[in-house]
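To start, the structure under review is shown below, and the notes come after it.
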Amino acid sequence: MKYTRRSFVKTAGIGGAALATYPGVNLMSEMPLKAEVLNPYNRVPVSLIIDDSTCLVNMAHYGIPQFAEVFPDQYKQDWRKLPREIPDSFVREFGEWCHENGVKGKYSIVPYPACTGWVNRFIPGWTKRELEDSLNLVRELMVPDWDIHPEMVSHTRVIDIKTGKPFPFPTPEYMENWEWSQKKSADELAAYQVYALNILKEAGLPCEGLTTPGGYGGQNQNNLALGSLDALRDVYKAEIPHYFRDLFTEKGVSVSPKVLHPSGLNGSDPKCVVSIIGCTGDWFGGWDGMVPGSADKFITEDLGSGRMIDVIDSGEPAIIVCHWPGVYYNGEHTGFNILKEVKARLDRKYDHLVWMKLSEIARYWAAKELTTITVNPGRIVLNAPFATPGFTLKLSSSVRNPGIKNGSKELKPLLRVKSLKELKSDTWYSDKTGSILCFDLEKGSGEVIF
1 MKYTRRSFVK
11 TAGIGGAALA
21 TYPGVNLMSE
31 MPLKAEVLNP
41 YNRVPVSLII
51 DDSTCLVNMA
61 HYGIPQFAEV
71 FPDQYKQDWR
81 KLPREIPDSF
91 VREFGEWCHE
101 NGVKGKYSIV
111 PYPACTGWVN
121 RFIPGWTKRE
131 LEDSLNLVRE
141 LMVPDWDIHP
151 EMVSHTRVID
161 IKTGKPFPFP
171 TPEYMENWEW
181 SQKKSADELA
191 AYQVYALNIL
201 KEAGLPCEGL
211 TTPGGYGGQN
221 QNNLALGSLD
231 ALRDVYKAEI
241 PHYFRDLFTE
251 KGVSVSPKVL
261 HPSGLNGSDP
271 KCVVSIIGCT
281 GDWFGGWDGM
291 VPGSADKFIT
301 EDLGSGRMID
311 VIDSGEPAII
321 VCHWPGVYYN
331 GEHTGFNILK
341 EVKARLDRKY
351 DHLVWMKLSE
361 IARYWAAKEL
371 TTITVNPGRI
381 VLNAPFATPG
391 FTLKLSSSVR
401 NPGIKNGSKE
411 LKPLLRVKSL
421 KELKSDTWYS
431 DKTGSILCFD
441 LEKGSGEVIF
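Residue 226 in this note's numbering sits at position 226 of the sequence shown; the count goes up by one each step and never skips.
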């Protein structure tokens, strides 16, 4: 399957607050003070996106024959030899290893996986108890470290949301992966996405974002963003909705999250939606779990090259992309073992990474780009439409005794640390090049006072 997410997002976010330069006076030097928002905790965010996952069903086994009906010349994989199930025993092994090793990211739950059955009701071939046990495993083991996303409704046939039945036409115009979404309005996309989200909500799963299957919305990205914003706010009241649609593997192409359609930033109900962008291909075991990958594409054994190095060294979030059938790899641990090796190599090379869920990255970037920063003598005034942990400011020269004051709360002094490695919330670091302050940014008005 030619499975790409390379369509460029045409709707730009606004980033006016990432670097703030104002004629404030630095009390230490009488020079104009500049304030720049850095990455959270002055670290590089890393995350793992898992696509095509759901409860019990192996999407490759059930999806390939449906794709082949539409494009018989392109889908010749022997799907019958693939396992029909990705068992919960593997989900548990994977989730426990990730938790122990600090790996976080996004885990899809396809609501009506390949039209086999409904995760909020029943899936033929498995008992009601088996489905409920699978959902409980996701709730208890995965949810703390992973965002849960629908990948539309079925990831194969488009569903008639009036009847709940798949449309009977095996053509690109009625497949979620291809043409159906490309000319739909924002309202039409939102209605379809609301349908998917409501299934997950009925299944007792939390959700702040969604993932597009295949080419869904690739030629209709502005409406996709607006539809995602409306759907996630409607069903889950998500404060900062996000979605995953694109990935770029070309060196030099930005993979920074895009903060889109901000509005009402000075009111009580600010809005935006964040497009999360992956930086790798699936180099584990592919979407079908039939072609083994290699850790070297991510980071070589000598730690000298690889896509992760390119992105991490640029300072942008390094978000890995994979597919669940390839992690399980036809009943083996091939893709899982590649992930373990990639994590081990990253740990050997870097000591300034922070693993984050997509919702955490989206929140930080919304705060980074939309917070208004005004530098005055002896203080920096912050007007934040969204709160975020670990908000990190770099000041162009040294200051003395900084503290953070949020609204009517008392001034909270920051604790000075001797090394940037020690930087965490409510601390600051200073040297001859300037000062770096880290604190939890609260929604509304606040001040950094020297």
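Note that beta-carbon positions come from the ideal geometry of N, C-alpha and C, so glycine has one too.
As the structure is a prediction and not an experimental result, all values here were calculated from the model.
Point to revise | According to DSSP, residues forming a beta bridge with T211 | key: In the DSSP assignment, T211 is bridged to F244.
**Study point:** Y195 and I161 closer than 8 Å at C-beta
**Key:** In contact: Y195 and I161 (Cβ atoms closer than 8 Å).
Exercise for review: Quick one: give me the first and last residue of the beta strand (DSSP E) that P45 is part of.
Suggested key: That run of the beta strand (DSSP E) goes 44–51.
Check your understanding: Mind checking whether R92 and H352 have CB atoms under 8 Å apart?
Key -> Their beta carbons are not under 8 Å apart, which means R92 does not touch H352 by this criterion.
Review point. Does the region 78–88 come close enough to the region 154–174 that 3 or more CB-CB pairs lie under 8 Å?
Key: Taking 8 Å as the limit for Cβ pairs, the verdict is that the region 78–88 does not touch the region 154–174.
Review point. Counting Cβ pairs closer than 8 Å, one from the region 340–358 and one from the region 97–115, do we hit at least three?
Key: Between the region 340–358 and the region 97–115 there are three or more C-beta pairs closer than 8 Å, enough to call the two in contact.
Practice item. Rank L370, T249, F386, M175 by C-alpha distance to the C-alpha of A318 and give the top, closest one. Key: Nearest option by C-alpha distance: T249.
Check your understanding: For Q219, which of G204, R363, K418, W178 has the nearest alpha-carbon?
Key -> When C-alpha distances from Q219 are compared across G204, R363, K418, W178, the shortest belongs to W178.
Point to revise | A362 in three-state terms, based on DSSP | key: It is helical.
Practice item. State the DSSP-derived secondary structure class of A35, mapped to helix, strand or coil. Key: Strand.
Review point. Any idea what DSSP makes of A203, helix, strand or coil?
Key: In this structure, A203 counts as coil in the three-state DSSP scheme.
Review point. Less than 8 Å separating the beta-carbons of C322 and D269?
Key: Not a contact, by the Cβ cut-off of 8 Å.
Practice item. For R307, collect the residues of the same chain with a Cβ closer than 7 Å to its Cβ; drop the 5 residues on either side in sequence, then sort them by chain order. Key: Only residues of its own chain outside the window of five on either side were considered, and among them T249, C279, T280, K297, F298 have a CB closer than 7 Å to the CB of R307, listed in chain order.
Check your understanding: What does I109 pair with, by DSSP beta-bridge criteria?
Key -> Under DSSP, I109 shares a beta bridge with no residue.
Check your understanding: Using a Cβ-Cβ cut-off of 8 Å (strictly less than) and excluding sequence neighbours within five positions of G434, which residues of its own chain qualify?
Key -> Cβ contact annotation for G434 (same chain, cutoff 8 Å, sequence separation greater than five): K394, L395, S396, S397, S398, in chain order.
Review point. Between G331 and Q74, what straight-line distance do the alpha-carbon atoms span, to the nearest angstrom?
Key: Spanning the two alpha carbons is a distance of roughly 24 Å.
**Study point:** G434 - containing beta strand (DSSP E), residue span
**Key:** Under the DSSP assignment, G434 falls in the beta strand (DSSP E) whose first and last residues are 434–441.
Review point. Under a three-way DSSP split, which group does G63 fall into?
Key: In the three-state scheme derived from DSSP, where H, G and I count as helix and E and B as strand, G63 is classed as helix.
Review point. Below 8 Å between beta carbons: does that hold for L197 and L224?
Key: Between L197 and L224, the C-beta spacing is not below 8 Å.
**Study point:** Identity of the residues DSSP links to H149 by a beta bridge
**Key:** According to DSSP, H149 bridges with S108.
**Study point:** Neighbourhood of W365 by C-beta, 7 Å cutoff - its chain only, sequence neighbours within 5 removed
**Key:** Leaving aside the five residues that flank W365 on each side, the residues in its chain whose CB is nearer than 7 Å to its CB run, in chain order, P257, V259, V274.
Exercise for review: Kindly give me the distance between the Cβ atoms of V119 and L131, rounded to whole angstroms, as I take these residues to be in contact under 8 Å.
Suggested key: With a Cβ gap of about 7 Å, V119 and L131 count as contacting.
Check your understanding: Do you know offhand how far I320's Cα is from G209's?
Key -> Approximately 17 Å between the Cα atoms of the pair.
Check your understanding: Going straight from the alpha carbon of T171 to that of G63, what length do you get?
Key -> For T171 and G63, the distance between alpha carbons rounds to 14 Å.
Point to revise | Neighbourhood of K343 by C-beta, 8 Å cutoff - its chain only, sequence neighbours within 5 removed | key: Closer than 8 Å at the Cβ level, and outside the excluded window around K343, lie N101, V103.
Point to revise | Same chain, Cβ closer than 8 Å to F479, five either side skipped, listed in chain order | key: Summary: the structure shown does not reach residue 479, with the chain confined to residues 1 through 450, and so no result is reported for it.
Practice item. Determine the extent of the beta strand (DSSP E) in which S398 is found, giving its start and end residues. Key: Where S398 is concerned, there is no enclosing beta strand (DSSP E), given that its DSSP letter is neither H nor E.
Review point. In chain order, what residues of the same chain lie with their CB nearer than 7 Å to the CB of N58, ignoring the 5 residues before and after it?
Key: Apart from the 5 residues on each side of it in sequence, N58 sits with its Cβ closer than 7 Å to the Cβ of L82, P83, R84, E85, I86, P325 in its chain, given in chain order.
Exercise for review: Can you grab the Cα-Cα spacing for the pair R245 / E151, in whole Å?
Suggested key: Here the alpha carbons of E151 and R245 stand approximately 10 Å from one another.
Review point. Which of the three DSSP states, helix, strand or coil, is assigned to P413?
Key: Three-state result, P413: strand.
Practice item. Give a yes or no on whether the C-beta atoms belonging to N383 and F450 are separated by under 8 Å. Key: No, Cβ-Cβ distance for N383 and F450 is not below 8 Å.
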